[in-house]
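For reference, the structure is listed below as structure tokens.
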Amino acid sequence: RVLDWREHRPIVVTAVKNQGYCGSCWAFAAAEVLESRIAIATGKLFSLSPQQIVSCTPNPNKCGGSGGCDGAIEKLAFNYVKQHGILSEWTYPYTSGLAGANGECFPLQRPRTPVAGIRGFAGVPPNLAPSLIEAVQDGPVTASVAANKWGPYETGIFPRADCDWIINHAVVLMGYGEQNCVSYWLIRNSWGPTWGEHGYIRLERARAPEHEKCGWDTDPMAGSACETPPDGSNPPTKVWVCGTCG
1 RVLDWREHRP IVVTAVKNQG YCGSCWAFAA AEVLESRIAI ATGKLFSLSP
51 QQIVSCTPNP NKCGGSGGCD GAIEKLAFNY VKQHGILSEW TYPYTSGLAG
101 ANGECFPLQR PRTPVAGIRG FAGVPPNLAP SLIEAVQDGP VTASVAANKW
151 GPYETGIFPR ADCDWIINHA VVLMGYGEQN CVSYWLIRNS WGPTWGEHGY
201 IRLERARAPE HEKCGWDTDP MAGSACETPP DGSNPPTKVW VCGTCG
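Residue numbers (my numbering): 1 to 246.
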């Protein structure tokens, strides 16, 4: 009924970060999931570099944007880390938040050598809350959401009625819970610790799959769709989305 990876001991969650004036939510979400997953597996927690992901991850099919600060998708970030590894935040610090520039991709050589890598990764089927609950049992996972109306949020459980369906933001699912008979998802954002509940938001969660709220995302290019899909198909004009804010 309740899961919050912030409560795990030893600690497996780094401090909340701020992406600043750069559409790098996808890079932050990927790096933060890797931080926690590695800490869960090894007992060692350290901050990884979203800047490396922003500056170096190719996006030839323009998935979720044209890449870097213009947006991309977490899958591309994980593919990049699988191929090249990832450096620490200290070694490759974040600079894109100040001016929205992608920054130079530095060669991976001393003193810039990767501190971690992955052998693979898996996706969770969309619009299936039970699969998402199962996935987060092993650690935080990335999630795509409709965050257009999140700006004024300060505290409490964000209601389903206040959401739209335009997926345009990447976050980290940290767990779930219930308060006053209202179920929620626990989400880590990348808008700094002064936003929301110390950088987190709780989204209302349907108590059963048949109670999910669904609708059409009529601007899939703002989220995770590709301008030129790798399989050669035409890009989607709309995508069916379920859940609170996607």
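All C-beta atoms, glycine included, are put in the ideal place defined by N, C-alpha and C.
For Cys226, the beta-bridge partners assigned by DSSP are Cys63. About 4 Å separates the Cβ atoms of Gly103 and Ser55, confirming a contact at the 8 Å cut-off.
In the structure shown, Glu104 adopts coil according to DSSP, grouped into three states. In terms of Cα proximity to Pro50, the closest of Gly68, Ala39, Phe28, Ala99 is Phe28.
The closest CA to that of Val239, considering only Tyr200, Ser24, Asp219, is found on Asp219. Fewer than three Cβ pairs drawn from the stretch 151–161 and the stretch 17–28 lie within less than 8 Å of each other, which leaves the two stretches out of contact. Burial state of Pro230 is exposed, judged by a 10 Å Cβ sphere holding fewer than 16 other Cβ atoms.
Per DSSP, the continuous beta strand (DSSP E) segment holding Leu186 begins and ends at 182–188. A residue is called buried once 16 or more other Cβ atoms fall within 10 Å of its Cβ, and Ile11, having fewer, is exposed.
For Phe158, the three-state secondary structure derived from DSSP is strand. Of the residues Ala31, Pro130, Pro107, Ile201, the one whose Cα lies closest to the Cα of Glu210 is Pro130. Rounded to the nearest whole angstrom, the CA to CA distance from Trp26 to Cys181 is 32 Å.
According to DSSP, residue pairing for Ala143 in a beta bridge involves Val171. Setting aside the 5 residues that flank it on each side, Glu35 is surrounded in the same chain by Thr14, Leu48, each with a C-beta closer than 6 Å to its C-beta; the list follows chain order.
Here Phe78 is buried: its Cβ has 16 or more other Cβ atoms, across all protein chains shown, within 10 Å.
Where Arg202 is concerned, the enclosing beta strand (DSSP E) starts and stops at 200–204.
DSSP places Trp216 inside the beta strand (DSSP E), whose first and last residues are 214–217. Judged by DSSP secondary structure, Cys25 falls within the alpha helix (DSSP H) whose first and last residues are 25–42.
Contact annotation: Gly175 and Val33 have beta-carbon atoms that are not nearer than 9 Å. For Gln179, DSSP records a beta bridge to Val182. Per DSSP, the unbroken beta strand (DSSP E) holding Val239 starts and ends at 239–242.
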